[in-house]
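Novice:
Residue numbers (our numbering): 115 to 668.
1. Do residue 477 and residue 498 have their beta-carbon atoms positioned less than 8 Å apart in this structure?
2. Excluding the 5 residues preceding and the 5 following residue 241 in the sequence, name in chain order all residues of the same chain whose CB lies nearer than 7 Å to its CB.
3. What is the rounded straight-line gap between the Cα of residue 300 and the Cα of residue 445?
4. For a minimum of 4 consecutive residues, which ranges assigned as the alpha helix (DSSP H) are wholly contained in the stretch 587 to 630?
5. Does residue 555 come out as helix, strand or coil in the three-state DSSP assignment?
6. Let me make sure I understand the geometry here. Which of 454, 274, 138 and 588 has the alpha-carbon closest to that of residue 254?
7. Give the DSSP-derived three-state secondary structure of residue 681 in the structure shown.
8. Please list the segments of the beta strand (DSSP E) lying wholly inside the stretch 262 to 332, counting only runs of 3 or more residues, in order along the chain.
9. Could you give the distance in angstroms between the alpha-carbon of residue 525 and the alpha-carbon of residue 222?
10. Once the 5 residues before and after residue 201 are set aside, which same chain residues still bring their CB inside 6 Å of it?
11. When we look at the beta-carbon of residue 624 and count the other beta-carbons within 10 Å, is it buried (16 or more) or exposed?
12. If you follow the alpha helix (DSSP H) that residue 184 is part of, which residue opens it and which one closes it?
13. Considering only residues of the same chain and omitting the five flanking positions on each side of residue 147, which have a CB-CB separation below 6 Å?
14. Which one of 559, 331, 600 and 172 has the shortest CA to CA distance from residue 266?
15. List the residues that DSSP assigns as beta-bridge partners of residue 459.
16. According to DSSP, simplified to helix, strand and coil, what is residue 106?
17. Kindly identify the DSSP beta-bridge partner or partners of residue 514.
18. Determine the closest residue to residue 132 out of 205, 376 and 236, with distance taken between C-alpha atoms.
19. What's the call for residue 442, buried or exposed, on a 16-neighbour Cβ count within 10 Å?
20. If we call anything under 8 Å between Cβ atoms a contact, is residue 389 one with residue 633?
21. Roughly how many angstroms separate the alpha carbons of residue 216 and residue 584, rounded to a whole number?
22. For residue 280, count the other beta carbons within 10 Å of its own beta carbon; 16 or more makes it buried, fewer makes it exposed. Which is it?
23. Could you check what DSSP says for residue 584 in three-state terms: helix, strand or coil?
24. Please state whether DSSP places residue 632 in a helix, a strand or coil.
25. By a C-beta neighbour count over all protein chains shown, 10 Å radius and 16 as the cutoff for buried, is residue 647 buried or exposed?
26. Once DSSP output is grouped into helix, strand and coil, what is the label at residue 533?
27. In angstroms with no decimal places, state the Cα-to-Cα distance between residue 598 and residue 379.
28. Give the single residue among 162, 348 and 179 whose Cα lies nearest to the Cα of residue 227.
29. Can you check which of these residues, 283, 554 and 310, is closest to residue 238 by C-alpha distance?
30. If you draw a straight line from the C-alpha of residue 650 to the C-alpha of residue 543, how long is it?
31. Within the continuous alpha helix (DSSP H) that includes residue 379, where are the two ends?
32. Pick from 636, 452 and 187: whose alpha carbon is nearest that of residue 600?
33. Would DSSP call residue 228 helix, strand or coil?
34. Got a sec? Which residues, its chain only, sit under 6 Å from residue 363 by beta carbon, not counting five neighbours each side?
35. How about residue 257 and residue 485: are their beta carbons less than 8 Å apart?
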């Protein structure tokens, strides 16, 4: 079987698995967030944190809950790293420096998991398991909560109440993320991923020196890392490391975990909004972009340009032979079209156009299918923009799911889509203008520019993957990328929750003959076009200086 045929077979199996899980998981999540019942463990948690899960919140109170919880999480994770040298199970590692501790704390709380350190050489068992892995659950649950709040904004009328943040946070963790992660960890252990608390041990000689590895609770962290679209690796090589991702089966399973919840959330949206067809329309837009990007990436990486690629059978530089071009391409697109950031290959070693595809996937806003929660609310924001554009075309007041999209709604949506590009392009421009940040670039020219553009794109979009080649463990990059991650995560949430509150206060508008049908393929096509055009107009000049210039020159 050829490599191309094997790639198509993997993609077909992945789509089939996602299709089988779509309906039951989507309906289950809708039931979780609509239920008024609280389980005993959940009641104990509410009692400890002093929350009343039955109290409804308007959007300012919901936002305060999100920000307060996240601020405490950043502080806790920062302090845990700063005292690591005094903790048991630290494996002899010293405490983390202040700038790197801030960067890592901001990264994991913001669901970014950008890592400017070598995991196996910096973090002990307590920080890895009690700090980083815990935030993998909690940051994903926060994203789910905000997405559900926006869905309630569309579904409810004549009320500003969006539910209870603490109840949504706890339910998302206890009823969704933990059970699936347990199953996922067992599957990964069966595939060969390690799960232990062993110390550092020698595994043999390597280039004249001793090679050492430490063990860890890797499979359990790997499961929530992918399921929660987090992406932080236990080891520096991330999902290219055989302890995290041993073989092609585990590789395909990890991609399945990455895409599972974001795709299924579209059915949750349709169920909670009272129209499954609306959920299918959003699903269609996500699927078209994801399949299109995957096909384009595989074609780009399999293309033979020159004798080196001919001999290797394609662009194999930076890719694991056990995954090949197909497995690496599928993984790369899945991880950059979501907020996962896990990598099983070096994106810097992809072809010029291939590296550009990974970058463009993040610049779309990671909405196809996007991160856990963030993908759905990002896509719904774009749906509002698409409805507004359609309304301008026909001269009618735009409506979506029975809610009028007026001045306030479109201003909030516009602010949402402008925040991230402003952070990415602003920080990139400053970094290129100053002399010191450029010293961290391994390459010069278009590829060197791509390294810095990719870093801020990854940080502000809460992806966390790295282009490789950029020495980002400096005070400048640790601080600025940390700020980009926090602002890129929480500023958009302000506009999402404000939009949800304004929609929930509206009285439903009855459907008429002139109402745009947003559950039809025509609207799905309009939505895809809107996403691509807005992103293209925003990022094309920067992409032309980096990956496009490199690709055209090759």
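Using N, Cα and C, we set each Cβ at its ideal position, and we do this for glycine too. Fair warning: this is a prediction, and the values are worked out from it, not measured in the lab.
Specialist: On the basis of the supplied data:
1. It is not a contact, given that the beta carbons lie outside the stated cut-off.
2. For residue 241, where only same-chain residues beyond five positions count, the Cβ hits under 7 Å are 194, 195 and 198.
3. When rounded, the separation of the alpha-carbon atoms in residue 300 and residue 445 is 21 Å.
4. Here the runs fully enclosed are 589 to 618.
5. Of the three classes helix, strand and coil, the one that applies to residue 555 here is strand, per DSSP.
6. Taking only the C-alpha atoms, the option nearest residue 254 is 454.
7. Residue numbering for the chain in the displayed model covers 115 to 668; residue 681 lies beyond these limits and cannot be assessed.
8. Those beta strand (DSSP E) runs which fall completely within the stretch 262 to 332 and span 3+ residues are 314 to 320 and 323 to 328.
9. Each residue's Cα considered, the two are about 30 Å apart.
10. Taken in chain order, the residues that qualify are 240.
11. Per the 10 Å Cβ criterion, exposed.
12. Counting along the chain, the alpha helix (DSSP H) containing residue 184 begins and ends at 173 to 196.
13. Closer than 6 Å at the Cβ level, and outside the excluded window around residue 147, lie 262.
14. Restricting attention to 559, 331, 600 and 172, the CA atom closest to the CA of residue 266 is found in 172.
15. In the DSSP assignment, residue 459 is bridged to 433.
16. The first residue shown for the chain is 115 and the last is 668, placing residue 106 beyond what the model contains.
17. Bridge partners of residue 514 according to DSSP: 517.
18. When 205, 376 and 236 are compared, the shortest CA-CA separation from residue 132 is found for 376.
19. Residue burial annotation: residue 442 is buried, with at least 16 other C-beta atoms found within 10 angstroms of its C-beta.
20. Contact: yes.
21. Taking the straight line joining both Cα atoms gives about 19 Å.
22. With 16 or more other Cβ atoms inside 10 Å of its own Cβ, residue 280 counts as buried.
23. Here residue 584 sits in strand by DSSP.
24. Correct three-state label for residue 632: coil.
25. Exposed, because fewer than 16 other Cβ atoms sit within 10 Å of the Cβ of residue 647.
26. Three-state result, residue 533: helix.
27. If you take the alpha carbons of residue 598 and residue 379, they lie about 27 Å apart.
28. Checking every option, the nearest Cα to that of residue 227 belongs to 348.
29. Closest by C-alpha distance to residue 238, out of 283, 554 and 310, is 310.
30. One C-alpha to the other measures close to 18 Å.
31. Under the DSSP assignment, residue 379 falls in the alpha helix (DSSP H) whose first and last residues are 362 to 387.
32. Of the candidates 636, 452 and 187, the one whose C-alpha sits nearest the C-alpha of residue 600 is 187.
33. Here residue 228 sits in coil by DSSP.
34. Apart from sequence neighbours up to five positions away, the residues of its chain that approach residue 363 with a beta-carbon distance below 6 Å are 305, ordered along the chain.
35. Yes, the Cβ-Cβ distance between residue 257 and residue 485 is below 8 Å.
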